[in-house]
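Just so you know, this note's numbering puts 48 at position 36 of the sequence shown, and the rest follows in order with no gaps.
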Amino acid sequence: MLLPGERIDQLFADDIQIIQSKEVFSFSIDAVLLANFPAYPKNGNIVDLCAGNGAVGLFASRKTNAKITQIELQERLADMGQRSIQLNQLEEQLSMVELDLKQATTLIKPDSVDLVLCNPPYFKELPISQKNPNPHLAIARHEIHTTLTEVVEVSAKLLKTNGRLAMVHRPDRFLDILHAMESAHIAPKRVRFVYPKVGKEANTLLIEGIKQGKKDGFRVLPPLFTYDEQNNYSPEMKAMLYGN
């Protein structure tokens, strides 16, 4: 089941085991935040773009009966994700496909998806970008193979009218995200900023938009703090990681 350098980690809150390797990619709190953010359909179809080792889709599986298709470009990560699906005996609900997201509509019918989840690469691909020397990590973090605009455009093609796109990203890309969503006719509806602790600037944002949604009704949710004053996880964060 495990290849050299791999380990099995557990997200206790959702009772999910996940195959990880620090050589390629390990899920971060971002995946947990994203999985806990959107309004889930009870049934239907969910697509997890830029799926990595499958963390977001695995965690999401505990919140819905919908079928979840995970799309990941990197062979090694897709393989780890596939084995994690088997490890959790979720083959009936989840599938992992090794595919460039630009080809997503060759696999999934356009206008057929209820919810797209995405934890995309955060950093613009600029000549001056300091990239991780590890290609697996560089691709996961930098817009080498896809861009924010492309992610949103592909999501818009996949989603049915009133389907939702939920993303986790960085606050400094907030305006880019709003622009990309507007261009793709996805109306931003909810945003939540995540702060390391009280008194610090936000370092993460969660955003959800509705395809062909009305322009009004945009909500900024209460802030989420990752840690308390004593550097322990905040109660809300702790519940997401370890359950109540």
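Glycine residues also receive a C-beta, built at the ideal position from the N, C-alpha and C atoms. Model, not experiment: these values are computed from the prediction.
Counting along the chain, the unbroken beta strand (DSSP E) around K201 starts and ends at I198 to Y207. Taking a 10 Å sphere around the C-beta of D228, we find fewer than 16 other C-beta atoms and assign the residue as exposed. Within the same chain, Cβ atoms closer than 8 angstroms to the Cβ of I120 are found at N57, V59, T81 and L170, the five residues on either side in sequence being excluded. In the DSSP assignment, Q22 falls within the unbroken beta strand (DSSP E) covering R19 to L23. Between the stretch 113-133 and the stretch 89-103 there are fewer than three inter-stretch CB-CB distances shorter than 8 angstroms, so the stretches are not counted as touching. For T216, the closest of K201, L61, L177 and F186 by C-alpha to C-alpha distance is F186.
Residue F71 holds the alpha-carbon nearest to the alpha-carbon of N48 among N55, E104 and F71.
For E248, no beta strand (DSSP E) encloses it; the enclosing alpha helix (DSSP H) starts and ends at P247 to Y254. Residue burial is scored here from C-beta neighbours: K54 has fewer than 16 other C-beta atoms within 10 angstroms and is therefore classed as exposed. Just measuring C-alpha positions, the residue of T76, Y245 and V206 sitting nearest D26 is T76. Residue state for I120 is assigned as coil, using DSSP reduced to three classes.
Assigned with DSSP and collapsed to three states, A178 falls in strand.
Here L129 carries a strand assignment [DSSP, helix/strand/coil]. The beta carbon of E165 sits closer than 6 angstroms to the beta carbons of A196 from its chain, once the five residues preceding and following it are set aside; these are given in chain order. Listed in chain order, the non-local C-beta contacts of I31 below 7 angstroms within the same chain comprise L14, E18, I20, N65, M92, R95, S96 and L99, local neighbours out to five positions each way being set aside.
If you look at T216, you'll find it in the beta strand (DSSP E) that goes T216 to K223.
Exposure of S40 is indicated by the presence of fewer than 16 other C-beta atoms within 10 angstroms of its C-beta. Boundaries cannot be given for L14, as no alpha helix (DSSP H) includes it and DSSP labels it neither H nor E. Counting along the chain, the unbroken alpha helix (DSSP H) around E165 starts and ends at L160 to L170. Apart from the 5 residues on each side of it in sequence, V180 sits with its Cβ closer than 7 angstroms to the Cβ of D42, L45, L46, N131, T216 and L218 in its chain, given in chain order. Bounds of the beta strand (DSSP E) holding V59 are N57 to L61. With respect to the 8 angstroms criterion, N174 and G221 are not classified as neighbours on the basis of their beta carbons. Where V109 is concerned, the enclosing beta strand (DSSP E) starts and stops at L106 to E110.
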